[in-house]
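Step one of this worksheet: look at the structure below.
In this note's numbering, the protein residues as written are 2 to 203.
Okay, here's the thing in structure tokens:
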């Protein structure tokens with residue numbers, strides 16, 4: 002299984018989301034950000050995926066490590082209905098609460114769809130990215146690259162996961178008597194584009 006749970010005797014190739022969240026928070030801390038928010042997943046069914054726990058739990062532990070406040074909204078679903086209109090409405094509400102009210106200067110986002118809507122909502126509300134608000138999301142899609150500003154992201158290393166899974170499968174097929182369940186966890190990488198910058202002066 003690639004980036005998902007396998008059965009009792011199955012093998013998995015997964016990205017290291019703990020490492021990815023640490024990279025994102027470390028980058029923001031180095032830029033001087035102290036009020037870092039987390040925007041979670043958009044649908045309830047995702048709560049069963051390991052990435053939901055790993056990213057959220059690591060956000061909490063890293064904020065404690067750096068002695069930074071945990072921002073409200075980190076434990077809520079970003080949206081419960083996956084439509085463009087609902088995602089954008091949720092993004093506007095998140096910016097209003099997290100940024101305009103609670104003064105977050107940086108947001109780490111569970112996924113690319115939420116991030117695209119957050120950038121658009123920030124622009125609509127007059128919040129400049131990255132001058133006033135920095136954003137990093139997990140995963141990358143074409144929209145994150147072509148929109149303006151294009152979004153910095155944590156690369157889940159999908160190509161590398163595919164290669165590792167293929168190599169694992171071939172090993173097991175060639176030596177079935179030695180095949181056993183394996184867990185391969187690949188480190189993620191931070192890819193910087195144009196949505197991160199120094200924390201705004203207070």
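A virtual CB, placed ideally from N, CA and C, is assigned to each residue, including glycine.
1) In chain order, what residues of the same chain have a beta carbon less than 8 Å from the beta carbon of residue 64, not counting five sequence neighbours either side?
2) Is residue 57 near residue 135, with beta carbons less than 8 Å apart?
3) Taking DSSP's pairing of strands, which residues face residue 184 in a bridge?
4) Leaving out five residues on either side along the sequence, give the residues of the same chain with a beta carbon under 7 Å from the beta carbon of residue 77.
5) Kindly indicate which residue of 28, 15, 123 and 181 has the alpha-carbon position closest to the one of residue 1.
6) Rounded to a whole number of angstroms, what is the C-alpha to C-alpha distance between residue 16 and residue 140?
7) When DSSP labels each residue in this structure, what does residue 109 get in the three-state scheme?
8) First and last residue of the beta strand (DSSP E) that includes residue 18?
9) Measuring only the C-alpha atoms, how far is residue 79 from residue 88?
10) For residue 40, does the three-state DSSP call read helix, strand or coil?
11) Name the DSSP bridge partner or partners of residue 145?
12) Determine the burial state of residue 109: buried for a count of at least 16 other Cβ atoms within 10 Å of its Cβ, exposed for fewer.
13) Which same chain residues end up closer than 6 Å to residue 188 when comparing Cβ atoms and leaving out the 5 residues on each side of it in sequence?
14) Tell me, which residues are paired with residue 154 by DSSP?
15) When the distance is taken between beta carbons, is residue 180 closer than 8 Å to residue 14?
Taking the structure as given:
1) Within the chain shown, numbered from 1, the residue matching residue 64 stands at position 63. Excluding residues within five positions, the ones whose Cβ falls inside 8 Å are 26, 37, 70 and 71.
2) What you label residue 57 is simply residue 56 of the chain shown in a count that begins at 1. What you label residue 135 is simply residue 134 of the chain shown in a count that begins at 1. Contact flag unset, no.
3) Taking the chain shown and counting its residues from 1, one reaches residue 184 at position 183. Answer is 13, bridged to residue 184.
4) Taking the chain shown and counting its residues from 1, the one referred to as residue 77 is at position 76. Only 41 meet the Cβ criterion.
5) The structure shown has nothing for residue 1, since the chain only spans 2 to 203.
6) Numbered from 1 along the chain shown, position 15 holds the residue referred to as residue 16. Numbered from 1 along the chain shown, position 139 holds the residue referred to as residue 140. For residue 16 and residue 140, the distance between alpha carbons rounds to 11 Å.
7) Residue mapping note: residue 109 aligns to position 108 of the chain shown, counting from 1. Strand.
8) Residue mapping note: residue 18 aligns to position 17 of the chain shown, counting from 1. From DSSP, residue 18 is part of no beta strand (DSSP E) but of the alpha helix (DSSP H) over 18 to 31.
9) In the chain shown, counting from the first residue as 1, residue 79 sits at position 78. In the chain shown, counting from the first residue as 1, residue 88 sits at position 87. So the alpha carbons of these two residues sit roughly 8 Å apart.
10) As a first step, residue 40 is located in the chain shown; it is residue number 39 there, counting from the start. Residue state, collapsed to three classes: strand.
11) Indexing the chain shown from 1 puts residue 145 at position 144. DSSP, once it has assigned bridges, lists no residue as partnering residue 145.
12) Taking the first residue of the chain shown as 1, we reach residue 109 at position 108. Buried.
13) Position 187 of the chain shown holds residue 188. Contacts found: 17 and 20.
14) Translated into positions along the chain shown, residue 154 becomes position 153. According to DSSP, residue 154 bridges with 138 and 192.
15) For the purposes of this step, residue 14 is taken as the residue at position 13 of the chain shown. For the purposes of this step, residue 180 is taken as the residue at position 179 of the chain shown. Cβ atoms of residue 14 and residue 180: not closer than 8 Å.
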